[in-house]
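K.L.:
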Amino acid sequence: MAFHHANKSPHRTHFVSRERSYHGNTIRAMCLSDNPGRTGPHKKAFDRLDVSFVKPTSRVSQDWRQNVAAFVAETVGDSTAGCITAPKGYLEGVRRVYDEYRVLLILDEIICGSGRTATYFAFKSEGAICPDIVVLGKGLSGRYLPLAATLINHTVDETIEKARGFIHGHAYQAHPISCASVLAVQRVIRSNGCLNHCKRLGDRMKTRLRALLAESEFVGDIRGRGLFWAMEFVADKRLKLPLAEGFAFGAKLRQFAHESGVAILSGSGTADGRAGDHIMLASPLTITQLGLDWMTDSIKQAYSKTEEAYKNQSASE
31 MAFHHANKSP HRTHFVSRER SYHGNTIRAM CLSDNPGRTG PHKKAFDRLD VSFVKPTSRV
91 SQDWRQNVAA FVAETVGDST AGCITAPKGY LEGVRRVYDE YRVLLILDEI ICGSGRTATY
151 FAFKSEGAIC PDIVVLGKGL SGRYLPLAAT LINHTVDETI EKARGFIHGH AYQAHPISCA
211 SVLAVQRVIR SNGCLNHCKR LGDRMKTRLR ALLAESEFVG DIRGRGLFWA MEFVADKRLK
271 LPLAEGFAFG AKLRQFAHES GVAILSGSGT ADGRAGDHIM LASPLTITQL GLDWMTDSIK
331 QAYSKTEEAY KNQSASE
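According to our numbering, the sequence shown is numbered sequentially starting from 31.
1) Please report the straight-line C-alpha distance between Val215 and Lys341, rounded to a whole angstrom.
2) State the CB to CB distance for the pair Ala99 and Arg42, rounded to an integer number of angstroms; the pair is presumed to be in contact (CB under 8 Å).
3) From the DSSP secondary-structure annotation, give me the bridge partner or partners of Leu181.
4) Can you confirm whether the region 212 to 231 touches the region 313 to 328 when touching is taken to mean that 3 or more C-beta pairs between the two stretches lie within less than 8 Å?
5) In terms of residues, what are the limits of the alpha helix (DSSP H) holding Phe286?
6) Would you tell me roughly how many angstroms separate the C-alpha atoms of Asn97 and His44, rounded to the nearest one?
7) Please go through the region 216 to 289 and give each complete beta strand (DSSP E) segment of 3 or more residues, from N-terminal end onward.
8) Please work out which residues of its chain come closer than 6 Å, Cβ to Cβ, to Glu156, disregarding the five sequence neighbours upstream and downstream, and give them in chain order.
9) Between the Cα of Met325 and those of Glu289, Met60 and Arg217, spot the shortest distance and give me the residue it belongs to.
10) Among the residues of its own chain, which have a CB less than 6 Å from the CB of Val292, if the five just before and after it don't count?
11) For His53, count neighbouring C-beta atoms within 10 Å of its own C-beta (all shown protein chains included) and say buried if the count is 16 or more, exposed if not.
12) Select from Cys61, Arg238 and Tyr128 the residue whose C-alpha is nearest the C-alpha of Arg253.
13) Straight-line CA distance for Ala8 to Cys113?
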């Protein structure tokens, strides 16, 4: 918003985001998100218009040309979508279109950034693109201390700097101890070869998960990148129809996995915002091969218990 005000375009107040996205729990971030269970009544406060392709239709292109401030997306979909990666060339196409309309590209890498997907920025695997703004967090400080960061490119920085006025901040912004933890984590990532380790172990995780679970009755997809993977559960593997909502397959699997000592995240709404189940795995970047093998074996055992419980419940209904 500050960028467009500085460029004498204060009417650019609209933001574009994607289905099955999640960008945080402040009101404006929830309005950018597409998760009915989280956005609640806030979703009704903002107008929405569905556009299904990279290029906006002629019906809305004039509105985009004049009023849209930014396009916001998770480089790799996380908790709502379950590690969905973009088709090849998608973000490059988005970048071209939004350059044409002078719309900023903002990538949310709170979860998928900071080395999680085997490149420090997840967008580095998406071709020759460079966003205007990138948001990082979680792994940025190794979760030792709370800190998130907003990175801006030179164009945004110079534009805002030239029109500098009062700059709002937060009480603990740039907290020295948190910043020191971030610096220490970055040094470890660089000096210990964490990104190469993440790529190697991530390839092993993909291979093991697919070998152990891809043919399982209710596993519809196993997807991800680096050490960031998800499994989606379906009633029909060919049609990808979601399981019945009442059982909460992902949540039940999470419970069984936790009993074995494995912490995972379960999600719902994968299919249409309400129906659909998935789990997400985001192991430490320092995980060993032995630890990864134990984890994937434990996930297989937890899945088997969940499948049995689901069938027993279905048979009794």
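Note that the Cβ used here is the ideal one computed from N, Cα and C, for glycine as well.
P.N.:
On the basis of the supplied data:
1) As a first step, residue 215 is located in the sequence shown; it is residue number 185 there, counting from the start. As a first step, residue 341 is located in the sequence shown; it is residue number 311 there, counting from the start. Going by the C-alpha atoms only, they are around 45 Å apart.
2) As a first step, residue 99 must be located in the sequence shown, where it is residue number 69. As a first step, residue 42 must be located in the sequence shown, where it is residue number 12. Sure, about 4 Å apart at Cβ, within 8 Å.
3) Within the sequence shown, residue 181 is the residue found at index 151, counting from 1. In DSSP, Leu181 forms a bridge with Val164.
4) yes
5) Position 256 of the sequence shown, counted from the first residue, corresponds to residue 286. That run of the alpha helix (DSSP H) goes Phe279 to Glu289.
6) Against the sequence shown, residue 97 aligns to sequence position 67. Against the sequence shown, residue 44 aligns to sequence position 14. For Asn97 and His44, the distance between alpha carbons rounds to 6 Å.
7) 249 to 255 and 258 to 266
8) Your numbering for residue 156 matches position 126 in the sequence shown. Once the five neighbours on either side are set aside, the close Cβ partners of Glu156 are Leu121.
9) Within the sequence shown, residue 325 is the residue found at index 295, counting from 1. For Met325, the nearest C-alpha among the options comes from Glu289.
10) As a first step, residue 292 is located in the sequence shown; it is residue number 262 there, counting from the start. Answer for Val292: Met325 and Ser328, listed in chain order.
11) For the purposes of this step, residue 53 is identified with residue 23 of the sequence shown, where counting begins at 1. Its Cβ being crowded by 16 or more others within 10 Å, His53 is buried.
12) Residue mapping note: residue 253 aligns to position 223 of the sequence shown, counting from 1. Checking every option, the nearest Cα to that of Arg253 belongs to Arg238.
13) Within the shown structure, residues of the chain are numbered from 31 to 347, placing residue 8 beyond reach of any answer.
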